[in-house]
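Read the structure below first, then the notes.
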Amino acid sequence: SILQQVISEPKVDNLVRPINPSTYKLANATLMIMARNQDLRGVLYTMRQIEEKFNSKFHYPYVILNDGDFKDNFIDRVTKMTTSKVYFEKIEPEEWNQPDWIDSSKQKSQMKVLKQQNIAYANKVSYHNMCRYYSINFFNHPRMREFKYYWRFEPNTDYFCDIDYDVFKFMEMNNKVYGFVISLYDAQETMPSLWPETLKFLNKNKNYLNKNAAIDFLMEDMQNPVKTEFTGGYSTCHFWSNFEIADMDFYRGEAYTEWTKHLDQTGGFYYERWGDAPVHTLGVGLFADRNDVHWFRDIGYKHHPYTNCPHSDKCHGCEPGLFTYEHLKDQNCLTNWWNYEMDDTSRQLY
Ligand code: GDP
Ligand code: MN
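Take the position in the sequence shown, starting the count at 1, then add 112; the result is the number in full-length UniProt numbering.
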């Protein structure tokens with residue numbers, strides 16, 4: 113049999129371990145999820161794993177955001193799943209709903225095209241609202257404003273490995289802005305104007321571009337770009353944002369804020385079907401230093417149908433490997449991150 117490399121925690125000498133829960137000083141961070149009442153089972157399913165693998169050792173608070181109102185039963189069941197504080201928060205309609213200046217006949221005809229291209233959720237306005245909210249608004253929710261770092265999770269996702277160090281303090285102590293596990297290509301048809309609009313913005317605001325931006329990751333090998341029939345140059349390779357740990361002060365900063373304002377006023381969140389993953393990725397890829405982005409190799413994670421299962425005795429209930437479905441492997445673009453953006457300093461972490 114082939115000897116496998118055992119995957120371990122980041123190789124830094126300042127990982128913070130849980131000590132005494134009563135005296136432990138938390139980082140300024142929260143575990144957050146967006147959900148509706150009907151997501152209760154899935155929320156509990158994933159919270160149980162996050163508690164078992166990580167949070168019962170640290171007791172970070174949760175924020176649960178909803179555009180509607182949570183039923184008492186939802187609040188009871190979720191509260192009982194953790195000893196941590198849970199904030200149940202409503203999203204204001206003005207922050208959530210599509211703006212009234214969106215041209216509904218244009219929206220309708222554009223959605224028809226997306227439907228014909230078999231783009232998932234094309235006709236679901238609530239999905240567009242969700243993607244827009246995660247792209248431009250969630251970090252300014254009054255409750256989220258109390259925190260700097262967040263770990264986003266989703267209902268029905270799996271966390272396979274014991275996490276025995278404080279991931280938020282890891283981010284803080286190593287100046288990381290953004291952390292991810294899985295990276296893949298998106299459907300080009302969802303974002304014809306996302307990159308062109310971004311270029312328009314950049315041409316007027318050249319100073320925002322980070323000197324050490326992850327451009328090759330976004331464009332793919334500049335000598336050998338991928339075929340981008342629909343996007344105008346962006347490879348669509350993105351950090352899969354249904355799990356992410358990031359610093360919201362980055363989103364609240366001028367570059368990300370001004371850029372997303374520009375994007376929003378084009379109506380692209382409704383005339384096209386931009387996901388929050390490509391938006392976060394372009395923002396981080398352009399305005400952050402690539403050395404401040406961290407690939408969490410050691411976090412075992414699954415959101416159907418993609419998995420990252422590290423080979424480690426900290427992980428249980430998954431088959432070691434990345435993208436375990438053979439027929440989906442060509443969607444994996446994590447190699448672009450390794451090949452183009454990881455310098456020696458970053459590599460030393462693994
Ligand atoms: P997918 O992963 O792209 O298929 O999208 P999901 O259906 O998993 O939605 C992403 C996240 O947004 C999940 O946490 C959902 O619970 C949440 N979500 C999606 N639509 C809505 C909505 O209309 N209202 C609320 N409150 N949450 C939503
Ligand atoms: Mn999902």
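Every residue gets a Cβ at the ideal spot worked out from N, C-alpha and C, and that includes glycine.
{"Asked": "Selection from Tyr-382, Tyr-271, Pro-337, Val-175 that minimises the alpha carbon distance to Phe-355", "Found": "Tyr-271"}
{"Asked": "Asn-178 beta carbon near the ligand MN (any heavy atom closer than 6 Å)", "Found": "no"}
{"Asked": "Span of the alpha helix (DSSP H) around Asp-359", "Found": "Segment 356 to 359 is the beta strand (DSSP E) holding Asp-359; no alpha helix (DSSP H) there."}
{"Asked": "Presumed contact (8 Å Cβ cut-off) between Ser-134 and Asp-410, rounded CB distance", "Found": "Between Asp-410 and Ser-134 the Cβ distance is about 27 Å, and since that is not below 8 Å, they are no contact."}
{"Asked": "Best match in Lys-281, Ser-221, Gln-222, Glu-201 for proximity to Asn-178 [C-alpha to C-alpha]", "Found": "Glu-201"}
{"Asked": "Which of helix, strand or coil DSSP assigns to Tyr-437", "Found": "coil"}
{"Asked": "C-beta contact flag for Thr-142 and Phe-259 at 7 Å", "Found": "yes"}
{"Asked": "Element boundaries [beta strand (DSSP E), containing Phe-170]", "Found": "No beta strand (DSSP E) contains Phe-170, which DSSP labels as neither H nor E."}
{"Asked": "Local Cβ density within 10 Å of Leu-440, reported as buried at 16 or more and exposed below that", "Found": "exposed"}
{"Asked": "Three or more C-beta pairs below 8 Å linking the region 244 to 253 and the region 379 to 389", "Found": "yes"}
{"Asked": "Thr-302 versus Thr-310: straight-line alpha-carbon distance, rounded", "Found": "15 Å"}
{"Asked": "Proximity test, Met-283 beta-carbon vs the ligand GDP heavy atom, cut-off 6 Å", "Found": "no"}
{"Asked": "Per-residue DSSP class, three states only, for Thr-457", "Found": "helix"}
{"Asked": "Exercise answer, beta-carbon shell around the ligand MN heavy atoms below 7 Å", "Found": "Glu-266, Asn-354, His-415"}
{"Asked": "Own chain residues within Cβ distance below 8 Å of Asn-403, not counting five before or after", "Found": "Asn-324, Asp-455, Thr-457, Ser-458"}
{"Asked": "Which listed residue (Ile-214, Lys-224, Tyr-157, Trp-371) has its alpha carbon closest to that of Trp-320", "Found": "Inspection of the sequence shows that residue 320 is occupied by Tyr rather than by Trp. Nearest option by C-alpha distance: Trp-371."}
{"Asked": "Cα-Cα separation, Tyr-172 to Ala-367", "Found": "29 Å"}
{"Asked": "Span separating the alpha-carbon of Glu-163 from that of Pro-205", "Found": "31 Å"}
{"Asked": "Beta-carbon separation (whole angstroms), Ile-294 vs Lys-165, contact threshold 8 Å", "Found": "Not a contact, Cβ separation roughly 17 Å."}
{"Asked": "Counted within 10 angstroms of its Cβ, other Cβ atoms place Ala-400 as buried (16 or more) or exposed", "Found": "buried"}
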